[in-house]
Amino acid sequence: MDGTRLLGFYEQMLRIRGTEEAIEDLREDGQVVGSVHLSCGQEAVPVGVVAERSPQDPVFGNYRGHGWALACGAPPENVLAELAARALGVSGGRGGSAFFSAPEWGFYGENAIIGAQVPMAVGAALAARYDDSDRVAITVFGDGAANQGAVSEAFNMAGAWKLPVVFILENNVYSELTPIADMVSDPDLSRRGEPFGIPGLRVDGNDPEAVADAAGAAIRKARAGEGPTLIQADTYRIAGHYIGDAETYRDEAELEAARRAEPLVVARARLLELGVPAADVETTERRVEEELKTAVATALASPPSDPEKIREHLYA
Amino acid sequence: MPETAAALERLTYAKAVNAALDRALESFPEALLFGEDIAIPGGVFGCTRGLREKHGERVFDTPISETGFLGAALGAAMVGRRPIVEVMWAEFTLVAFDQIVNQAPNVRYVSEGRLQAPVTIRTQQGILPGSCAQHSQSLEALFAHFPGLRVAMPSNPQDAYDMLLAAIACDDPAIVIEHRSLYQKAAEVELGGEIQEIGGGRVLRRGSDATVVALGPMVAVASEAAETLAAEGIEVELIDPRWIAPLDIGLIAESVQRTGRLVIVHEATVTGGIGAEIAARVASESFWALEAPIERLGIPDVRIPAAPHLQQLLLPSAETVVAAVRRTREAGGEA
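Protein sequences, first through last, are from chains A and B.
Everything in the first sequence is counted per the numbering used here, starting at 1 for the first residue and increasing by one.
Everything in the second sequence is counted per the numbering used here, starting at 1001 for the first residue and increasing by one.
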């Protein structure tokens, strides 16, 4: 087995983690305010899925979307600037942490209403019937969102019409602050699509290669006109639901176990096991660290979002 | 200049809607038309009849999933389509309010114009004999509350045609609220003229004694009231705002400057109705022109019963409009 692919994934996961940690620091400094949802521990999912997307494939995400935007290619400085209310932000500071988009990179937006983006992705897939784009729409939502009506409605339309859409269910164990297992009769949410004619599968969501393999197959299938797939990526959110979450719903032992199984730790060990020289791994780590230092500086050097423009873009 | 030669045709309001949709599907290759029972069945009110046959799979039926298909309309719009969606009853929009309110009007603004959502929602509302409390409400003020949404209330067949086309051609999300009682009203309609811009009210009758602003089906009611008053020598200026977002407040204010009196009549509940906004704007911007308190007519603050004789007790009528105009003449300054 060749470590090149995994090293690439590792670098991308480091970039997401590093950006999330930078956001946490900026939040402490007061440069970032408001509700912030970090994706620490879940990096393998966006990295694996996005590796398999083509440029015409839009990604519709949720409020825990920093990592997805970065995986799509949005530069960290633009994401950081967005959260820091700077003009350089991917949405000029209008989206904030939970509701920005970066369509230049195929990221059609986070969404602060749980599950709302899922029917939108179905619409983008539907559009592919009319525009010869060969588009496959990708949408990500959490285990909690699986309990929203919008998601079931979207499943039904996608299944009934065999639309080119791939549903990524990021199962991070908690539906916000409540264990998902307490909120469903069957914790295997990959079966949620079955009544709608959508085959489902589960994948190790902490393994970017496994995620990429599953997503790649689903995307190819959708592009070939064979309809949607639901992929449940099992992962774990080692960050709080939001910065400041008291985390009364889990204990330290559970978190410790999760930290040993989180994707960066696992990928690093695997790289060494595959014979990738430690020096190469460390070089990658330093490069990302340096890159993010520059990104933070660039973001903070940007002027604040321009008050003169506050009324612009409300209407065409 | 008109892009095609205009032709006059006598059409019902429903057929005028149909003609606008037909032209939109013809003119905009990116247009899609969908909703519940609209394609093969042709719509429960017949507004979309024949369009599937003529335009093929760009016209299609959806499951009964308002959130699902309105969300899909937005997603399709964000990647370049121009969806026109029918929501069968205005109350069904409430099931999908998230997509209409939290999603659609935010697309352009929050992305700094990098994305847009040119979605047109057609729906219909209003009290008709026997309509139940969940199929009777006039919801326009809800939509007008949200910046980023365009809200149209055509009151006649010509406007049903023109305003729907304007909404579709516009790159913003728009909601066109038709009134079920108007669908079978017929008039000469000029088809094929230049597609209008969004917005703009209309003075339907000139007068200097009082301004009456009427919306949707209340235009005909107010018009009848104006006839009665004219026989008594009271000349009413009748205004149909047509669009409530953007609201042509300038047209109303200019009229009140001359008449000093304002009566607003709509079928929506008085509390929080669009009449409240019009009254507030006139009171703050044209206060010194007013010679009498502003009158608002609408459904009083009760639920709407299905029994026709009870419904009649709630609806504004020509008589109640006449009485309201008279009150403005009797109050305050020299009448």
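A virtual CB, placed ideally from N, CA and C, is assigned to each residue, including glycine.
Does L1308 (chain B) get closer than 9 Å to chain A when you measure Cβ to Cβ? It is Pro, not Leu, that sits at residue 1308 (chain B) in the sequence shown. Chain A contact via Cβ: absent.
Between the segment 59-74 of chain A and the segment 38-49 of chain A, are three or more C-beta pairs nearer than 8 Å? yes
Nearest to L1033 (chain B) (by Cα), restricted to the options B:D1061, B:I1244, B:A1289: B:D1061
Backbone secondary structure at A1323 (chain B) - three-state DSSP: helix
Using a Cβ-Cβ distance cut-off of 9 Å, determine whether Y315 (chain A) contacts chain B. yes
Tell whether a beta-carbon distance below 9 Å holds between V140 (chain A) and N62 (chain A). yes
Measure the CB-CB distance between L1070 (chain B) and V1087 (chain B) and report whether it falls below 9 Å. yes
According to the Cβ coordinates, are L314 (chain A) and G1148 (chain B) closer than 9 Å? yes
Is T1259 (chain B) helix, strand or coil by DSSP? helix
Could you tell me which residues DSSP pairs with T229 (chain A) in its beta bridges? A:V166
Would you kindly work out how many angstroms separate the C-alpha atoms of I1121 (chain B) and A158 (chain A), rounded to a whole number? 21 Å
By how many angstroms is the C-alpha of I310 (chain A) removed from the C-alpha of A218 (chain A)? 41 Å
Chain-ordered neighbours of E153 (chain A) on chain B, where CB pairs are closer than 7 Å: S1065, T1067, G1068
Starting from H1309 (chain B), trace the alpha helix (DSSP H) both ways and give me its first and last residue. 1308-1314
In chain A, which residues lie less than 8 Å from Y1109 (chain B) when you measure between Cβ atoms? R94, H313, L314
Beta-bridge partners of H1179 (chain B), as assigned by DSSP: B:Q1125
Could you list the residues in the segment 1071-1084 of chain B with a C-beta less than 7 Å from some C-beta on chain A, going in chain order? G1071, A1072, A1073, L1074, G1075, A1076, M1078, V1079, G1080, R1081
Can you tell me which of the three DSSP states D280 (chain A) falls into? helix
For chain A, is any of its Cβ atoms less than 9 Å away from the one on G1035 (chain B)? no
Short CB-CB distance (under 9 Å) between D1248 (chain B) and chain A: no
Short-range partners of chain A found in the segment 1035-1056 of chain B, where Cβ spacing is below 9 Å: none
Is the closest heavy atom of the ligand FAD to the C-beta of V165 (chain A) under 8 Å? Among the ligands in the structure shown, none appear at all, so the ligand FAD cannot be discussed.
P1002 (chain B) (DSSP reduced to helix, strand or coil): Low confidence applies here, because P1002 (chain B) scores a pLDDT of 46, under 50, leaving its location unreliable; read the following figure in that light. Three-state result, P1002 (chain B): coil.
Taking Cβ-Cβ distances shorter than 7 Å, what residues in chain B pair up with L126 (chain A)? A1072, A1076
Could you tell me which residues DSSP pairs with V1189 (chain B) in its beta bridges? B:E1009
Kindly indicate if chain B contains any beta-carbon less than 9 Å away from that of S101 (chain A). yes
Leaving out five residues on either side along the sequence, give the residues of the same chain with a beta carbon under 6 Å from the beta carbon of P1002 (chain B). Because the pLDDT at P1002 (chain B) is just 46, under 50, the model does not fix this residue reliably, and the point stays unresolved.
Can you give me the start and stop residues for the alpha helix (DSSP H) that E1211 (chain B) sits inside? Here residue 1211 (chain B) turns out to be Thr, not Glu, going by the sequence shown. No alpha helix (DSSP H) contains T1211 (chain B), which is instead part of the beta strand (DSSP E) from 1210-1214.
I want to verify the contact list: residues of chain E whose CB lies under 9 Å from the CB of D131 (chain A), in sequence order. Looking for chain E here will not work: the only protein chains present are A and B.
V90 (chain A) to E1066 (chain B), Cα distance in whole Å? 31 Å
Which of the three DSSP states is assigned to S302 (chain A) in this structure? coil
Neighbourhood of E247 (chain A) by C-beta distance below 7 Å, restricted to the same chain and skipping five residues each side: G240
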